[in-house]
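>
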């Protein structure tokens, strides 16, 4: 996956966390964009220049806008519009898009997350049913500093309502955008890693295409000795299809790298290559304290 077109495809093939509507929020999947006209232009596609060190979420913003501008059916009316009240920043509108055929205008907020499914959490959103909260409270970041319910409530309480603020209305009107005709949607993209024993579990509210691998804690990984090759992708590579990297590790060589990463508070993603050439992707997370 070395060409710009490969990296472009890796992003736009990312699945939404849920399908349709959840808690009143409608998804805007990347499949809405029409790229059929690009089939003969792979060699001339140039991705935007992304500054070195740009965090994963911001990198996703570059890719999303690039997708929208490359599509044949959407126009970008505005992006990353900051809303102010005096000198105070109230928030930001991610994207205002217009469908070229229907002329429908959309306010789209972008979210790009990596989650593990870990039972035993008790987060709740007032916008979700008891059944929804039970499952969705289990999606947390690999470092356990982030969780789905928190982000969902932030969308409902802060990010989406910003469209109706007087300052936003005035700003968009200055751009000749009729706010009364805007539909609000969210492009909530996710890569989900589940316990290996839950591989056949029926998740009720998750788009199953999001499941990209499994996870284990540091003690389980220490015991899972194989003769396979292992690779340690940088965070900016996490969205890619697992592949060989320049530096390969044995299990013995990788174990201290994993422990050092966890000591710094960061769960590493691992790509493991089987003898036949197939790959598996998984996270190694910190072990939970014993009750």
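Residue numbers (our numbering): 315 to 605.
Each residue gets a CB set at the ideal place from its N, CA and C atoms; glycine is no exception.
Quick caveat, the model's predicted, so the values are computed rather than measured.
Drop a sphere of 10 angstroms on the beta-carbon of residue 336, count the other beta-carbons inside from all chains shown, and report buried for 16 or more, exposed for fewer.
Against the chain shown, residue 336 aligns to sequence position 22. Buried, because 16 or more other Cβ atoms sit within 10 Å of the Cβ of residue 336.
> By alpha-carbon positions, which one of 521, 534, 560, 584 ends up nearest to residue 549?
Looking up residue 549 in the chain shown gives position 235. Residue 549 has its Cα closest to that of 584, out of 521, 534, 560, 584.
> At what residues does the alpha helix (DSSP H) containing residue 437 begin and finish?
Working through the chain shown from its first residue, we reach residue 437 at position 123. Counting along the chain, residue 437 falls outside any alpha helix (DSSP H), and DSSP gives it neither H nor E.
> For residue 422 and residue 342, which I take to be in contact (beta-carbon distance under 8 Å), what is that distance rounded to the nearest angstrom?
For the purposes of this step, residue 422 is taken as residue 108 along the chain shown, with counting starting at 1. For the purposes of this step, residue 342 is taken as residue 28 along the chain shown, with counting starting at 1. That pair is a contact at about 5 Å.
> For residue 333, which residues of its own chain have a beta-carbon under 6 Å away from its beta-carbon, when the five flanking residues on both sides are left out?
Along the chain shown, one-based indexing puts residue 333 at 19. Excluding sequence neighbours, residue 333 sits near 521.
> Within 10 Å of its beta-carbon, does residue 604 have 16 or more other beta-carbons around it, so buried, or fewer, so exposed?
Along the chain shown, read from residue 1 onward, the residue named residue 604 stands at position 290. So residue 604 counts as exposed.
> Would you report the Cα separation of residue 519 and residue 442, rounded to the nearest angstrom?
As a working mapping, residue 519 is identified with position 205 in the chain shown. As a working mapping, residue 442 is identified with position 128 in the chain shown. Going by the C-alpha atoms only, they are around 11 Å apart.
> Excluding five sequence neighbours on each side, which residues of the same chain lie with their C-beta closer than 7 Å to the C-beta of residue 432?
Residue 432 sits at position 118 when you count from the first residue of the chain shown. Excluding sequence neighbours, residue 432 sits near 452, 454.
> What is the residue span of the beta strand (DSSP E) that residue 403 lies within?
For the purposes of this step, residue 403 is taken as residue 89 along the chain shown, with counting starting at 1. Counting along the chain, the beta strand (DSSP E) containing residue 403 begins and ends at 402-413.
> Can you tell me the Cα-Cα spacing of residue 551 and residue 324, whole angstroms?
For the purposes of this step, residue 551 is taken as residue 237 along the chain shown, with counting starting at 1. For the purposes of this step, residue 324 is taken as residue 10 along the chain shown, with counting starting at 1. Roughly 10 Å between the two C-alpha positions.
> Look at the Cβ atom of residue 544, then the Cβ atom of residue 563, and state whether they are nearer than 8 Å.
Numbered from 1 along the chain shown, position 230 holds the residue referred to as residue 544. Numbered from 1 along the chain shown, position 249 holds the residue referred to as residue 563. Yes. Within cutoff.
> Any chance the region 398-407 sits against the region 383-390, with 3 or more Cβ pairs inside 8 Å?
Cβ pair count under 8 Å is below three, so no.
> Which residue comes first and which comes last in the alpha helix (DSSP H) that contains residue 572?
Numbered from 1 along the chain shown, position 258 holds the residue referred to as residue 572. Counting along the chain, the alpha helix (DSSP H) containing residue 572 begins and ends at 565-577.
> Per the contact definition of three or more C-beta pairs closer than 8 Å, is the region 533-541 in contact with the region 574-581?
No, because fewer than three Cβ pairs between the region 574-581 and the region 533-541 fall closer than 8 Å, the two stretches do not touch.
> Is residue 508 helix, strand or coil by DSSP?
Reading the chain shown from its first residue, position 194 is the one you call residue 508. Three-state result, residue 508: strand.
> Who pairs with residue 531 in a beta bridge, going by DSSP?
As a first step, residue 531 must be located in the chain shown, where it is residue number 217. According to DSSP, which records beta bridges pairwise, residue 531 is partnered with 599.
> Return the chain-ordered list of same chain residues with a C-beta closer than 6 Å to the C-beta of residue 486, the five sequence neighbours on each side being excluded.
As a first step, residue 486 is located in the chain shown; it is residue number 172 there, counting from the start. Only 493 meet the Cβ criterion.
> Which residues does DSSP list as the beta-bridge partners of residue 351?
As a first step, residue 351 must be located in the chain shown, where it is residue number 37. Partner(s): none; residue 351 has no beta bridge.
> If distances are taken between C-alpha atoms only, which option among 474, 426, 475, 481 comes closest to residue 462?
Against the chain shown, residue 462 aligns to sequence position 148. Nearest of 474, 426, 475, 481 to residue 462, Cα basis: 426.
> Run through the DSSP bridge pairs and tell me what residue 585 is partnered with.
One-based indexing of the chain shown puts residue 585 at position 271. 545, 595, per the DSSP bridge assignment.
> Using only the alpha-carbon positions, how far apart do residue 500 and residue 566 sit?
For the purposes of this step, residue 500 is taken as the residue at position 186 of the chain shown. For the purposes of this step, residue 566 is taken as the residue at position 252 of the chain shown. Roughly 43 Å between the two C-alpha positions.
> Based on the DSSP output, what are the partners of residue 392 in its beta bridges?
If you number the chain shown from 1, residue 392 lands on position 78. Paired residues: 410.
> What is the DSSP secondary structure of residue 468, reduced to helix, strand or coil?
On the chain shown, position 154 is the one that residue 468 refers to. Helix at residue 468.
> Let me check one thing: in DSSP terms, what residues is residue 503 bridge-paired to?
To locate residue 503, count along the chain shown from 1; it is residue 189. Note: residue 503 sits in a beta bridge opposite 330, 426.
> Residue 591: buried (16+ other C-beta within 10 angstroms of its C-beta) or exposed?
Start at 1 with the first residue of the chain shown, and residue 591 comes out as number 277. Residue 591 is exposed by the Cβ-count criterion.
> Please identify the residue among 558, 436, 376, 542 whose C-alpha is closest to the C-alpha of residue 588.
Counting from one through the chain shown, the residue named residue 588 turns up at place 274. Among 558, 436, 376, 542, the Cα nearest to that of residue 588 belongs to 542.
> Quick one: what does DSSP say residue 369 is sitting in, helix, strand or coil?
Here residue 369 corresponds to residue number 55 of the chain shown, with the count starting at 1. In the structure shown, residue 369 sits in coil (DSSP, three-state: anything other than H, G, I, E or B).
> Would you mind stating whether residue 599 and residue 476 have Cβ atoms separated by less than 8 Å?
Walking along the chain shown from the start, residue 599 turns up at place 285. Walking along the chain shown from the start, residue 476 turns up at place 162. For residue 599 and residue 476, no; Cβs fall outside 8 Å.
> Can you tell me whether residue 527 is buried or exposed, with buried defined as 16 or more other CB within 10 angstroms of its CB?
In the chain shown, counting from the first residue as 1, residue 527 sits at position 213. That one is buried.
> Would you tell me roughly how many angstroms separate the C-alpha atoms of residue 496 and residue 378, rounded to the nearest one?
As a first step, residue 496 must be located in the chain shown, where it is residue number 182. As a first step, residue 378 must be located in the chain shown, where it is residue number 64. Their Cα atoms are separated by approximately 19 Å.
> Pick from 338, 327, 360: whose alpha carbon is nearest that of residue 344?
Start at 1 with the first residue of the chain shown, and residue 344 comes out as number 30. Considering only alpha carbons, the answer is 327.
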